[in-house]
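Trainee: So the sequence shown is numbered by UniProt numbering: it starts at 1 and just counts up by one.
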Amino acid sequence: MGGLASCSQPIPATALAEPSAICTALVPFQVEQQLALAEAVAQHERPVVGSASSSSNCCTFSDLARPLCVFREGIVSSKDSAVSVTDGASVLLGPVLGRVTDTTAVVLIEVSATCNLLINVARVCGNFGRERAGECMELALYAEDDEAAGLSQPPLCGLELDNIAFTATGSACICQRMQPGAPQSFELKGLEPETGYLVFLSNVGQEADLKRHVRFTTLPARLDCLRLVVIGSYSSYGASRVLPPREVDPWVHLHDVASAGPEVHMVLHLGSVSDAGQASAQALRHLKDHKSFCEGPRRSMVKRARESLQQAYRSTWGGQDSFRKVLAQVGSQFAVFIPPMDVLLQLVQEQEASPPGLGAAGGGGDEREVTRLALEVYREYQRALWDRTFYTSLDIRKYGHGWDAEKLWLEGHLKLDEVQIAPQDREFMVDAGAVAGSSLEEWHIHRYGCICLIMLDTKGSLVDSVLSPARSSESVVPLLSLRQWRAIDEALKDEATQVLVIASDSPIVLEAITPMGEGEDVDNPRRPADGPPDWRTSRFEQNRLLLSLFQWKSAQYPSREVILLSSGPGFGTAGDVRDKKLGLSIVSVLAGPVDGTTVTPQNWELQGEIPGGRFSYGYKEPHGRPRPGRRPRPGPWEFCTVDIDLAATQKPTVDVNLISSPML
1 MGGLASCSQP IPATALAEPS AICTALVPFQ VEQQLALAEA VAQHERPVVG
51 SASSSSNCCT FSDLARPLCV FREGIVSSKD SAVSVTDGAS VLLGPVLGRV
101 TDTTAVVLIE VSATCNLLIN VARVCGNFGR ERAGECMELA LYAEDDEAAG
151 LSQPPLCGLE LDNIAFTATG SACICQRMQP GAPQSFELKG LEPETGYLVF
201 LSNVGQEADL KRHVRFTTLP ARLDCLRLVV IGSYSSYGAS RVLPPREVDP
251 WVHLHDVASA GPEVHMVLHL GSVSDAGQAS AQALRHLKDH KSFCEGPRRS
301 MVKRARESLQ QAYRSTWGGQ DSFRKVLAQV GSQFAVFIPP MDVLLQLVQE
351 QEASPPGLGA AGGGGDEREV TRLALEVYRE YQRALWDRTF YTSLDIRKYG
401 HGWDAEKLWL EGHLKLDEVQ IAPQDREFMV DAGAVAGSSL EEWHIHRYGC
451 ICLIMLDTKG SLVDSVLSPA RSSESVVPLL SLRQWRAIDE ALKDEATQVL
501 VIASDSPIVL EAITPMGEGE DVDNPRRPAD GPPDWRTSRF EQNRLLLSLF
551 QWKSAQYPSR EVILLSSGPG FGTAGDVRDK KLGLSIVSVL AGPVDGTTVT
601 PQNWELQGEI PGGRFSYGYK EPHGRPRPGR RPRPGPWEFC TVDIDLAATQ
651 KPTVDVNLIS SPML
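#1: Excluding the five sequence neighbours on either side, which residues of its own chain have a C-beta within less than 7 Å of the C-beta of Val656, listed in chain order?
#2: Use the C-beta contact count for Val229: other C-beta atoms within 10 angstroms, 16 or more gives buried, fewer gives exposed.
#3: What do you get for Ser566, buried or exposed, if any count of 16 or more other CB atoms within 10 angstroms of its CB means buried?
#4: Let me know the secondary structure DSSP gives His213 once reduced to three states.
#5: Please report the distance separating the alpha-carbon of Arg397 from that of Cys452.
#6: Quick one: Cα of His213 to Cα of Ser292, how far?
#7: Could you give the DSSP three-state label for Arg578: helix, strand or coil?
#8: Check for me: the beta strand (DSSP E) holding Leu97 runs from which residue to which?
#9: Of the residues Gly271, Arg536, Ser280, which one's Cα is nearest the Cα of Gln311?
#10: Can you tell me which of Leu117, Ser233, Cys125 puts its alpha carbon nearest to the alpha carbon of residue 679?
#11: If contacts are defined as beta-carbon pairs under 8 Å, then Arg227 and Ala328 qualify, I think. What distance do you get, rounded to the angstrom?
#12: Give the single residue among Ala105, Leu97, Val91, Phe61 whose Cα lies nearest to the Cα of Asp395.
#13: Taking the alpha-carbon positions, what's the Gly196 to Leu373 distance?
#14: Assuming contact is defined by CB atoms lying nearer than 8 Å, are Val111 and Val91 in contact in what I supplied?
#15: With a 10 Å radius around its C-beta and 16 neighbouring C-beta atoms as the bar for buried, classify Asp289 as buried or exposed.
#16: Comparing alpha-carbon positions, which option in Cys157, Lys580, Ala221 lies nearest Tyr448?
#17: Mind reading off the beta-carbon distance from Ala434 to Trp443? Whole number of angstroms is fine, and I expect it under 8 Å.
#18: Check for me: the alpha helix (DSSP H) holding Met429 runs from which residue to which?
#19: Under DSSP, the beta strand (DSSP E) around Phe200 begins and ends at which residues?
#20: With a threshold of 16 other CB atoms inside 10 Å of the CB of Gln282, please say whether the residue is buried or exposed.
#21: Would you check if the distance between the CB atom of Gly592 and the CB atom of Thr600 is smaller than 8 Å?
#22: If you compare alpha carbons, which of Asp645, Ala555, Glu380 is closest to Gly181?
#23: Just the Cα atoms here: how many angstroms apart are Leu270 and Val577?
#24: Look up Gly618 in the DSSP assignment and give the residues it is bridged to.
#25: When you compare each of Cys157, Phe323, Val466 to Glu367 by their alpha carbons, which one comes out closest?
#26: Can you tell me whether Asp645 is helix, strand or coil according to DSSP?
#27: Tell me whether Cys115 counts as near the ligand PLP, meaning its Cβ is closer than 7 Å to at least one heavy atom of that ligand.
#28: CB Gln556 to CB Leu646, shorter than 8 Å?
#29: Between the C-alpha atoms of Ala172 and Arg99, what's the straight-line distance to the nearest angstrom?
#30: Pop quiz: Ala89 and Cys125 are said to be a contact at Cβ under 8 Å. What is the actual Cβ separation, rounded to whole angstroms?
#31: Name the residue from Pro533, Leu492, Leu188, Asn203 whose alpha carbon lies nearest to the alpha carbon of Ser506.
#32: Could you give the distance in angstroms between the alpha-carbon of Thr167 and the alpha-carbon of Val377?
#33: To which residues of the same chain is Ala258 closer than 6 Å at the C-beta, ignoring the five residues directly before and after it?
#34: DSSP three-state label for Ala82, please.
#35: Just the Cα atoms here: how many angstroms apart are Val477 and Arg483?
#36: Give me, in chain order, the residues of the same chain whose beta-carbon lies closer than 6 Å to that of Pro652; leave out the 5 immediate sequence neighbours on both sides.
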């Protein structure tokens, strides 16, 4: 869809005296509520279209009275609610935007009490803010040429709500029964490619909650460009954090950057997303000696501990209005797996001190239970944003027909050579470690046409080792599991991939100024009891990964590119990693923190070599590097954008832009 055009299609002249036959295909436990909504459509006239538009098929947000009721037969409103609002129910967290493809989108929501939530999916028609001859302009979401790009609208997240026009065709209202205690993710199906949508929540909380909504633009059927926002840790950025004087809100600035364009497709969270240390400490207090209690009190203790871990997400993701806006409107939200490391290392140390063959099976019960709960909570809030085994599918074409998604990953992971996959499905494939299996696998791989995003799991093996019944004190914990290595090898064999994006929670390539120890053995990983495992503690795996990536790039150079994305150790910068033997380099980015904890890189070598001699690296001087005669002054937060373009030339182009906090 390129250029500007008027919305000329009229609203279908469908009789609304009786509920549509399709409206009877409903969520089984919400039939009465859905039919009540259909009656509201039949009893009220269509809204009067605002004067800003000459088209009867467009309607602004201000034309919709609350509560908002949207149907494909027409966007309608009613003065009285079709379903009464549940007393005391409110949105605790969300909505958060998850994985978006050309025809689907995932939305995650958590409520405080049992309620009948109305999920209103409104298809965007155009923008009343830009008029030509009194008409409503259709959004040019993906321009086909440079001339169209100059006339195209800003990204959907940058438009004022009151100026957005909605169309009746392709909109729907879905009624869902919500329960408190955990978030629920919905996969909206049957969407149109390259189309803007807004998702409003109604029948819960106050009318002002309609301003709290999701915005997204579905991807084209064939994707040749991708824009990423990469952020590091923000674990201390909760509801109680107050910005210091003269400090700009990072989430407001991020939203402004996304609003200026081009469209952001996803946000990668590579650092800690919640205050796991404080939450796990509180959970441990609730679980103190919990095994010595009988079943009833023990369940109550586990429930309180679980709520402590959940509250860490609610405080961070739902505490700041500006952050909620980013999570709901700026691309798909993907995160790496980061468990509470303080609890894990305590368990590892107990196992190391235990007699050989016994591990810590007889002790550490409280810490082990916290680790299990943390894994469950992570899956509820983060894995549910992209893993379809957690979805409830809602087909927009069936007017709110919902059913439980089939579990496709019961064992192992999906492989290209094991099933017949249609070309359109291969375009947006997801591969991931199984939820239920013999080992803990929290890695995930996302394919977007010729671009492959690999979110590494460097902590799953450690979690798996401490949750196992017993582990020999002589054993070592690998950074990546065998299944994860096999999945990476499978991704490298895909001939259609031109760009590989590797994301990690710790720097893949960065050396400390202070050596880790004399006589370091490159072929053997360090024991996890010495500290959190990272790429410097497992030289064999570090060299194996880099060798595989450089060989993959060399096989079809210059038509292939590799990007390394990592959470930086308190600062952000960009540079490259070089292979002296092949004479090639790949981009490496370190994402800085967004919670005011930036530091200077005085303890790290920005130029250096990786033990083994084949690979070297170099990074730019980050913001806040000490200058002669001046004290270092790093900014309070940093993030970066990564633009990948496959359309301009035969060679993929990558543009990295580091963004630091401006001072007022």
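Each residue gets a CB set at the ideal place from its N, CA and C atoms; glycine is no exception.
Note that the coordinates shown come from a computational prediction; the quantities given were computed from them, not determined experimentally.
Mentor: With the structure as the only source:
#1: Ala574, Val587, Val589, Cys640, Val642
#2: buried
#3: buried
#4: coil
#5: 30 Å
#6: 46 Å
#7: strand
#8: 91 to 100
#9: Ser280
#10: Outside the displayed range of the chain (1 to 664) lies residue 679, so it cannot be described from this structure.
#11: Between Ala328 and Arg227 the Cβ distance is about 18 Å, and since that is not below 8 Å, they are no contact.
#12: Ala105
#13: 37 Å
#14: yes
#15: exposed
#16: Ala221
#17: Incorrect: roughly 11 Å between the Cβ atoms, too far for contact.
#18: Note, Met429: premise wrong, no alpha helix (DSSP H); not H, not E.
#19: 196 to 202
#20: buried
#21: no
#22: Glu380
#23: 19 Å
#24: Asp576, Gln607
#25: Val466
#26: strand
#27: Looking at this structure, you won't find the ligand PLP or any other ligand, since it has none at all.
#28: no
#29: 20 Å
#30: About 31 Å separates the two Cβ atoms, so there is no contact after all.
#31: Pro533
#32: 38 Å
#33: Cys157, Val264, Val330
#34: For Ala82, the pLDDT reaches just 45, beneath the cut-off of 50, and the residue's location in the model is therefore unreliable, leaving the point undetermined.
#35: 14 Å
#36: Gln498, Val499, Glu561, Leu646
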